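Asker: In my numbering, the protein residues as written are 1 to 207.
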Ligand SMILES: Cc1cc2nc3c(=O)[nH]c(=O)nc-3n(C[C@H](O)[C@H](O)[C@H](O)COP(=O)(O)OP(=O)(O)OC[C@H]3O[C@@H](n4cnc5c(N)ncnc54)[C@H](O)[C@@H]3O)c2cc1C
């Protein structure tokens with residue numbers, strides 16, 4: 001592997017949002033971090049994701065402890081995003097207006113009512129909307145909708161434009177700490193020497 005630093009405190013394998021976020025936080029704490037990715041950074045699941053930060057919408061799928069963990073994570077997002085955007089001057093596309101669900105028929109309306117009941121039971125901020133209220137929020141929706149549900153607690157980022165962590169390498173303040181290499185696999189010969197840890201964030205990898 002040519003062009004890699006001879007030594008790093010931490011080597012992170014996988015430059016998706018998880019690996020990059022870990023690298024970013026470690027670099028903030030003064031570690032020299034090398035991120036290895038075999039392809040384009042933030043180019044796999046991170047690129048495909050919708051970017052929903054949606055503990056309220058996913059309440060029906062989640063147990064209470066998981067919902068609490070998700071809510072705690074969400075509370076930390078504004079500061080995380082603000083710091084990242086200040087550092088990189090790249091927008092994360094962070095939005096806080098919630099998730100709008102719509103029903104096209106009475107069956108779907110029943111599904112929304114069940115989701116709403118689950119959200120209420122878990123004390124999550126959500127409210128039912130009439131078709132007119134939903135259309136007022138999103139005028140491009142079909143006029144056939146019969147009802148809506150606003151999951152007010154949900155937020156969103158743009159994981160493609162806004163995965164600002166990918167811009168951390170080379171930015172002022174972290175340049176000497178994070179290096180991102182887009183061609184190497186950790187199974188290639190002669191990996192760099194690492195004084196602390198390898199962190200594997202390439203869950204879909206064969207390596
Ligand atoms: C269609 C879709 C929609 C989604 N919507 C949402 C959503 O709205 N909200 C949400 O929270 N989550 C969503 N997710 C889930 C979310 O995308 C993932 O949880 C998240 O992106 C995982 O990030 P990651 O960094 O772990 O993985 P990835 O983004 O896949 O990054 C892994 C990286 O590892 C690299 N890699 C793999 N193998 C190797 C190797 N051997 N050597 C070097 N590098 C390697 C890859 O090239 C890749 O860049 C969605 C997922 C999909 C598929």
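Glycine included, C-beta positions come from ideal geometry on N, C-alpha and C.
Predicted, not measured: the structure shown is a model, and the values here were computed from it.
What are the boundary residues of the alpha helix (DSSP H) that includes residue 91?
Answerer: From DSSP, residue 91 is part of no alpha helix (DSSP H); its letter is neither H nor E.
Asker: With distances taken Cα to Cα, identify the nearest neighbour of residue 99 among 30, 149, 158, 48.
Answerer: Per the Cα distances, 149.
Asker: What's the gap between the Cα of residue 48 and the Cα of residue 23?
Answerer: For residue 48 and residue 23, the distance between alpha carbons rounds to 21 Å.
Asker: Going by C-alpha to C-alpha distance, which of 70, 82, 89 sits closest to residue 95?
Answerer: Residue 95 has its Cα closest to that of 82, out of 70, 82, 89.
Asker: Would you tell me roughly how many angstroms separate the C-alpha atoms of residue 153 and residue 20, rounded to the nearest one?
Answerer: Approximately 26 Å, taken between the alpha carbons.
Asker: Establish whether the CB of residue 149 and some CB of chain D are separated by less than 8 Å.
Answerer: No chain D appears in the structure shown, which is made up of a single protein chain.
Asker: Got a sec: does ligand 1 put a non-hydrogen atom nearer than 7 Å to the Cβ of residue 154?
Answerer: No, Cβ of residue 154 sits at least 7 Å from all heavy atoms of ligand 1.
Asker: For the region 53-136, which segments carrying the beta strand (DSSP E) assignment without a break, of at least 3 residues, lie completely within its bounds, in sequence order?
Answerer: Complete beta strand (DSSP E) runs here, min 3: 99-103, 126-130.
Asker: Which value, in whole angstroms, describes the spacing of the CA atoms of residue 31 and residue 108?
Answerer: For residue 31 and residue 108, the distance between alpha carbons rounds to 50 Å.
Asker: Given a threshold of 16 other Cβ atoms within 10 Å of its Cβ, counted over all protein chains shown, does residue 38 qualify as buried or as exposed?
Answerer: Under this definition residue 38 is a buried residue.
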